[in-house]
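A.B. asks: Residue numbering for the sequence shown is 1 to 91, as defined by full-length UniProt numbering. Before I ask anything, let me first share the structure, which is written out below as structure tokens.
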Amino acid sequence: MDKKKRKHIYFSGRVQGVGFRYMAMHFAEAYGLTGWVDNLWDGRVEMEVQGEESSIFHMLTSLESGTFIRIDDCQISNIPSVEDEYYFIVK
1 MDKKKRKHIY
11 FSGRVQGVGF
21 RYMAMHFAEA
31 YGLTGWVDNL
41 WDGRVEMEVQ
51 GEESSIFHML
61 TSLESGTFIR
71 IDDCQISNIP
81 SVEDEYYFIV
91 K
């Protein structure tokens, strides 16, 4: 049975200009996750992340502990997984 989940997430708070996207990539690689992360024009960060539910949880927990990062809100929805995705990239 496939345990992979994919989540679409919008982060708001102090999430731009603080290394958020590169920390996300670092933690995604550390936890074996794939997907992407991008800054939005309105100051939020958008992310799609795929992998085991527990690994996604650990990545999000790790991001919240960032020195300059402050996540005020997280809108998370489950979306269909993407086949043949092998990396997590910063857009």
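Don't be surprised by glycine CBs; every beta carbon is placed ideally from N, CA and C.
Looking at the strands, I want to know which residues DSSP matches up with Y32.
C.D. replies: It is worth fixing the name first, because residue 32 is Gly in this sequence and not Tyr. Answer is none; G32 lacks a bridge partner.
A.B. asks: Quick check on the DSSP output: what are the complete beta strand (DSSP E) runs of length 3 or more inside the UniProt domain "Acylphosphatase-like" (6 to 91), in order along the chain?
C.D. replies: Taking only runs of at least 3 residues, the beta strand (DSSP E) segments lying wholly in the UniProt domain "Acylphosphatase-like" (6 to 91) are 34 to 39, 45 to 52, 70 to 79, 88 to 90.
A.B. asks: Quick check: what's the CA-CA separation for G43 versus G32?
C.D. replies: Roughly 27 Å separates the two Cα atoms.
A.B. asks: Does the beta-carbon distance from K56 to R14 come in below 8 Å?
C.D. replies: Looking at the sequence provided, one finds Ile at residue 56 rather than Lys. Not a contact, by the Cβ cut-off of 8 Å.
A.B. asks: Assuming the contact rule is C-beta atoms closer than 8 Å, V82 and R6 should be a hit. Round their C-beta distance to whole Å, please.
C.D. replies: So it is a contact: roughly 6 Å between Cβ atoms.
A.B. asks: What's the call for M1, buried or exposed, on a 16-neighbour Cβ count within 10 Å?
C.D. replies: In this prediction, M1 has a pLDDT of 42, which is less than 50 and means its spatial position is unreliable; what the coordinates show is noted afterwards. When all chains shown are included, M1 counts as exposed.
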